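Q: Would you mind keeping the following structure in view while I ask a few things?
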Amino acid sequence: MQRPIKTPPKWMDRILEWYCAEYYLEEVQGDLHEWYAQSQENQTSFRNLRYLINIVRYFSFERSKTFQNIIQHPQYLSMKSIIKITFRNLRKDKISAFIRFANLVFGIGVFMLALIYADYELNYDRFHTNADNIYRMGQDTGGDRAWAAGPFGLGPFIQENIPDVKRVARFIPERNTWISHEDKKFYEQNVFYADSSVFNMLSYEMIQGNPKTALKDPSSIVITESMAKKYFGNEDPMGKRMQLLVDGDDASIVTGVIKDVPDQSHLQFDFLRSIYSYGDEEYQRSWRNYFVYTYFETIDNPDFDRIENLIKEEFFTQYNVSEERKEKFKTVLTPIHRIHLFTDQEKDVADHGNVYTIYILLSIGTFVLIISCINFVNITIIKGLDRSKEVGLRKTVGASRGSLVTQFLSENLVLLVLAGLGSLLLLILIEPAVQNFTGKQVSLNFIANPIIALVLLGIILGLELLSGLYPAILLSKFRPAEILNSSEKTSSRFSKVGFTRKTLVILQFSLSLILIIGSVVVSNQMNYLRTKHLGFEKDQILLLKLNYSLRQKVETLGEMINEIPGVSNHTISSSVPGYRIMMEGVRNLGDPERRYSRILIVDENFLNTYNMDISSGENFTPTRNETEFIINESMAALSFPDRDPIGQQLVWNDTGRVVGVVKDFNFQSLHTSIEPLTMVKFPGDSYGYLSIQFNPESVEKVLSGIGDISDELYPNLPDMEVEFLDSRFEELYQSENKLQVIIGVFCLMTIFLTISGVFGVASYNAHKKSKEIAVRKVLGASYPEMLWQLLQGFLYLLLIAICIGLPGAFILSKWWLRDFAYQTDIPVAMFVISAVAMVLIVLLTSGYISSKTARTNPATILKDE
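Residue numbers for the sequence shown follow this note's numbering, so the first one is 70 and each next one is one higher.
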């Protein structure tokens, strides 16, 4: 007797019914039941368990109810249809599709790059927890610029007498020193002295050590993680000894290791030494020095008037300030997050940027984005006009205006999303080049920097509204009867579309012309800065920075350098052109009024080494022991406006006689005008540089000779570091050089975008006028006449754009040049050449398309008529 066939447990079937979509349920469940019946006949063991396992094995997301509900939802089907139609339309006209896509990728990519870099620069020092309450104290004594540095005693006074201040931290830079540990010895530039409160106020992350006590002991030193690896390798640096130049026979003890200072910090250091090793307590409360940078953190909602007034009164007391100078004196409290971009103070050690460069980059990025959007909108409108009959037919069969707007916006969104993904890929590809060019770790990878994705989303949505909404609404307005009958109303609507398109083309041409002229102006200004004679010789000068150890044998060093073949002369001085020269008060003998002047301590070889011209008087006399001054023409005009300065008495540290007047020379960058300068021959250890004049053909021999002297004269020190003076002056214009490259690249990109836009519009015009041209050709029109018919529209638009772009370019060029005391001319010829170049770009691009149309055989065009 045949045994009855049992069915699977119902609870197992319910599991299958719970996840499996109805479309697949009957097939899957039938197969499983058939297997269950066969397994019963074959007396398969554990068939219930195997049945359950098979149910689980059949599970896939495609068979789930959730997935089937999604793909059968009307909105999904609508979006699927839109994507299909979008790609179908893109395939129909690959050239215009590529132009629109490429324009958006470059436009979005350039704008995002400018935006990300601007955000990076504007967020300097924002990593500090209490950045909004941290300030740097400076003062303006009535000169051209405020001073960033202040006296030693300012910090203790603020901490002890101003209740609105929670804590104070002071910094003192120690430049060009050497540091050693065992057999490792290097010159280091980023060494600072700092208060023990620095880690309580500023958010530098400490890896080892106690942030509250790390700098309390005078012999303590805190180093960065990279310096720990440089000097100690894999050893634990804590408690180890490090020898600094200033330590003498003593040594500093490592009491802390911090992570490397973030790039977005205006203070860049590798070593922090305890400030309590810098003199005794009385010296640290002294007000007779001006090289300390004082930061303080305030309470919430402090009384700034009280802070400024208390500091002012103490300055007036300490320096016995006259009533006249009191009126000019101002305290300058700079928020820490504004120091990098928004300050230009005397004696500043900050890593400075230029906020105007940020504004220019953002403007250029916006220009490029606008130009790409104009191309996108123009070609979208043009392609939409080709689909006007499609719109008419859709409306005829019942499509609403809202559905048509949704259709066009959705197609636009698909292209924008694709272009957005392309721009993300572009940013990832150019990230290494950008970081290498800027020297900053700007992250352009949206995975490492999620804010990029959010910015992109905002840009896509903004462009969807700006560049997609207008064409969508415009095209959905057409009435079926007007479109299908080609009525006059339709022509009127098309003419309105043409007016909008022409306006956008004019705007595009104007912006392109502004960028082309701007690129030329920046290039001319940079060439002017490089070629302008500064009043001294800078191209064959080598610099040696002198620290305490090198100064001990500076006379012997100079004599040995003079013996190197190819060395013409050498000189020692406190500073050199291209670097900051100290500013102090100088007065005429018998006159109490002090006039601010740059002070340069030099020897008798300085003028000859730098080939400076003396306008009156003589050079320093080596054998004369009295204090002598040589002043520049600006100082002569300031101190002796009505008499000959030669032989006059000046007072600075000591009373001395003016023996010569040197012609004005640019010892600073050409951003600033020439300031009063006083050179003094002053014995002592104030010399900071040794300058070497050399024959350019012997540069290798000179460098090799300096290396040999370093090994012989200073065997226990690292090799002396040399620098070319002309390279230093190049550094002074580093931001402008980078801006020149950026504007040049963006200008080329703008030309490409303009060409692509003109190509797209010209192709459409040629297509629309092809039958008219064919008829004219049949009737005997000449080739130039047909070409004029196709090109005249572009020429009229270009003339209007030139009339708008030239004044705009002139105004923006003058605005940028105002930052330079010495400016290149802006000749009319430059504007004419730029305008002609713009005309040629447009004519060559549109002329190529128009020429092809004008040369086409009329029979080919009219064969279907």
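Every residue, glycine too, gets a C-beta built ideally from N, C-alpha and C.
The structure presented is a predicted model; accordingly, all values stated were derived computationally and were not measured.
CB-CB under 7 Å to C816, same chain, minus the five flanking residues each way: which ones, in chain order?
A: These residues qualify, in order along the chain: L584, I585 and S588.
Q: Can you name the start and end residues of the alpha helix (DSSP H) that F373 belongs to?
A: Note, F373: alpha helix (DSSP H), F373 to Y388.
Q: Just to confirm, is the Cβ distance from S321 to I290 under 8 Å?
A: Yes, these two residues count as a Cβ contact at 8 Å.
Q: Is the CB-CB distance between V267 and A297 below 8 Å?
A: No.
Q: Which residue from T403, N657, V511 and D888 puts its Cα closest to that of S742?
A: Considering only alpha carbons, the answer is D888.
Q: Only counting the same chain, and skipping five residues up and downstream in sequence, which positions put a Cβ closer than 7 Å to that of I84?
A: So the qualifying residues of the chain are I124.
Q: For A283, count neighbouring Cβ atoms within 10 angstroms of its own Cβ and tell me buried if that reaches 16, exposed if not.
A: Under this definition A283 is a buried residue.
Q: Given this structure, state the Cα-to-Cα distance separating Q414 from K509, to the nearest angstrom.
A: When rounded, the distance between both Cα atoms is 23 Å.
Q: DSSP three-state call for G531: helix, strand or coil?
A: Helix.
Q: Does K161 pass the burial test, meaning 16 or more other C-beta atoms within 10 Å, or should it be called exposed?
A: K161 comes out exposed.
Q: Quick check on Y64: does DSSP put it in helix, strand or coil?
A: For the chain, the structure presents residues 70 to 934; residue 64 sits outside this window and is missing.
Q: Would you call the region 204-211 and the region 475-482 in contact, with 3 or more CB pairs under 8 Å?
A: Counting Cβ pairs under 8 Å, fewer than three are found: no touch.
Q: Does the Cβ-Cβ distance between I630 and I427 come in under 8 Å?
A: Not in contact: I630 and I427 (Cβ atoms no closer than 8 Å).
Q: May I ask which residues mark the beginning and end of the beta strand (DSSP E) holding K235?
A: From DSSP, the beta strand (DSSP E) with K235 extends over V234 to E243.
Q: Using a Cβ-Cβ cutoff of less than 8 Å, which residues in the same chain neighbour D286 once the five nearest sequence positions on both sides are dropped?
A: Counting only Cβ-Cβ distances below 8 Å, and skipping sequence neighbours, we find I322, T324, S343 and Y345.
Q: Tell me the DSSP secondary structure of T198 in three-state form.
A: Three-state DSSP puts T198 in coil, outside helix and strand.
Q: So does the region 431-446 actually touch the region 165-173, counting three or more Cβ pairs closer than 8 Å?
A: In short, these stretches touch, since the Cβ pair count reaches three.
Q: Which word fits H602, buried or exposed, when buried means at least 16 other C-beta atoms lie within 10 angstroms of its C-beta?
A: With fewer than 16 Cβ atoms within 10 Å of its Cβ, H602 is classed as exposed.
Q: Who are the Cβ neighbours of D339 in its own chain at under 6 Å, not counting the five residues just before and after it?
A: Same-chain partners within the cutoff: N259, T293 and M296.
Q: Is S265 helix, strand or coil when you go by DSSP?
A: Correct three-state label for S265: coil.
Q: Taking the continuous beta strand (DSSP E) assigned at R656, which residues delimit it?
A: Its beta strand (DSSP E) spans residues M652 to N657.
Q: Return the first residue and the last residue of the beta strand (DSSP E) that L739 is part of.
A: Run containing L739: none; DSSP gives neither H nor E here.
Q: With a threshold of 6 Å on Cβ separation, who are the neighbours of Y273 within its own chain once the five nearest residues in sequence on each side are excluded?
A: Hits under 6 Å: I327.
Q: Buried or exposed, going by whether 16 or more other CB atoms sit within 10 Å of the CB of N735?
A: So N735 ends up on the buried side.
Q: Within a Cβ cutoff of 6 Å, which residues of the same chain sit near A217, ignoring the five residues on either side of it in sequence?
A: So the qualifying residues of the chain are G207, Q414, K416 and D417.
Q: So, Y756 versus I641, is the Cβ gap smaller than 8 Å?
A: Against a cut-off of 8 Å, the Cβ pair of I641 and Y756 comes out as a contact.
Q: What are the boundary residues of the alpha helix (DSSP H) that includes F515?
A: That residue, F515, is in no alpha helix (DSSP H); it is neither H nor E in DSSP.
Q: In the DSSP output, which residue or residues are listed as bridge partners for C89?
A: Bridge partners of C89: S133.
Q: Taking G224 as part of the beta strand (DSSP E), name the residues at either end of that continuous run.
A: Here G224 belongs to no beta strand (DSSP E); instead the alpha helix (DSSP H) covers L223 to N230.
Q: Within the chosen definition, does the region 382-401 reach the region 189-196 through at least 3 CB pairs nearer than 8 Å?
A: No, because fewer than three Cβ pairs between the region 382-401 and the region 189-196 fall closer than 8 Å, the two stretches do not touch.
Q: Take the Cβ of I520 as the centre, count every other Cβ of all protein chains shown within 10 Å, and call the residue buried at 16 or more, exposed below.
A: Exposed, because fewer than 16 other Cβ atoms sit within 10 Å of the Cβ of I520.
Q: Is Q621 helix, strand or coil when you go by DSSP?
A: Reduced to three states, the DSSP call for Q621 is coil.
Q: When you compare each of V590, I231 and R663 to A898 by their alpha carbons, which one comes out closest?
A: When only C-alpha atoms are compared, the closest one is V590.
Q: Taking DSSP's pairing of strands, which residues face Y758 in a bridge?
A: Y758 pairs with K614 and S642.
Q: Once DSSP output is grouped into helix, strand and coil, what is the label at H250?
A: Three-state DSSP puts H250 in a strand.
Q: What does the alpha-carbon distance come out to for the pair A215 and R310?
A: Their Cα atoms are separated by approximately 39 Å.
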